[in-house]
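Quick note on this note's numbering: the sequence shown kicks off at 1 and runs consecutively. Everything below concerns the one structure shown next.
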Amino acid sequence: QQGTRWSGVLTSPGSQSLELSKQPISWPIASLQRGTLGTGQVQSAQLNSFYPGTAWEAHGNYGVEYDLTLPMRNPSSSPQTLDLRLESPIKSERKASGLRFIQPAQGPVFWRGNVTVKGIDAGGGRHTVHLVLRKGDPGQSLGRVSLAPGEQKNVRVQLIVPADITPVQVLTVVPVKQSES
Numbered sequence: 001q002q003g004t005r006w007s008g009v010l011t012s013p014g015s016q017s018l019e020l021s022k023q024p025i026s027w028p029i030a031s032l033q034r035g036t037l038g039t040g041q042v043q044s045a046q047l048n049s050f051y052p053g054t055a056w057e058a059h060g061n062y063g064v065e066y067d068l069t070l071p072m073r074n075p076s077s078s079p080q081t082l083d084l085r086l087e088s089p090i091k092s093e094r095k096a097s098g099l100r101f102i103q104p105a106q107g108p109v110f111w112r113g114n115v116t117v118k119g120i121d122a123g124g125g126r127h128t129v130h131l132v133l134r135k136g137d138p139g140q141s142l143g144r145v146s147l148a149p150g151e152q153k154n155v156r157v158q159l160i161v162p163a164d165i166t167p168v169q170v171l172t173v174v175p176v177k178q179s180e181s
């Protein structure tokens, strides 16, 4: 494959920050030619090949190091609490009203690896979690971020895609209902 590191800042279109809403926001970390979750975006690094058209991007970025910054901003007039998750939704090519999961998640392991998050509320602002995700797994919390009205915080997510994953995985920011916080 071509490249071993992907650094990026995840913002709202046309903005310097990620404007948060009451709906979850997700970004594919590993998606395939036939598993883009309806986005049309293939998140697999280009492959080196001896002959044109012989390398199909279906590997899910094995070994790629992700370093993502989320400049989260609360544009509302009330406080917001957000939950960060790495999820393994059911693979689909159709655009749906949202990601689909299996409760309880079952079958083979689709992801096993560490994820480090900086800029969260607990643990001195840094937390590393070892995740094991199965097909259709909504994952577990990587950490929570609380924002006052108008406040902005930078959250950084770092991970290395394990060599034995089965795509699709997404990074998701989920608004927490006040009754859950």
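Ideal Cβ positions, reconstructed from N, Cα and C, are used throughout, including at glycine.
CB of residue i within 8 Å of CB of residue j, strictly
i: L99; j: V155; result: no
i: I160; j: E65; result: yes
i: P175; j: Q80; result: yes
i: V173; j: L82; result: yes
Among the options, the one whose alpha carbon lies nearest that of residue i
i: V168; options: V176, H127, W111; result: W111
i: V132; options: S141, V109, T11; result: V109
i: V182; options: I102, H127, T11, Q140; result: Outside the displayed range of the chain (1 to 181) lies residue 182, so it cannot be described from this structure.
i: R144; options: G136, V170, F101, V117; result: V117
i: E19; options: L68, T4, K153; result: K153
i: S92; options: P28, D121, S21; result: P28
i: S7; options: D67, S26, G119; result: D67
i: S146; options: Q140, A122, V129; result: A122
Rounded C-alpha distance that separates residue i from residue j
i: N114; j: P75; result: 31 Å
i: Q16; j: P71; result: 8 Å
i: E151; j: R73; result: 6 Å
i: R134; j: S78; result: 36 Å
i: P162; j: P138; result: 18 Å
i: L86; j: F101; result: 13 Å
i: Q23; j: T4; result: 32 Å
i: A30; j: A148; result: 32 Å
i: V170; j: T11; result: 16 Å
i: S88; j: S26; result: 11 Å
i: G119; j: S21; result: 19 Å
i: H130; j: S97; result: 29 Å
i: L142; j: T69; result: 14 Å
For residue j and residue i, believed in contact at Cβ under 8 Å, the rounded distance
i: A105; j: G136; result: 5 Å
Quick check for students: name the residue ranges of the beta strand (DSSP E) that lie wholly in the stretch 123–167, counting only runs of 3 or more. 126–135, 141–147, 152–160
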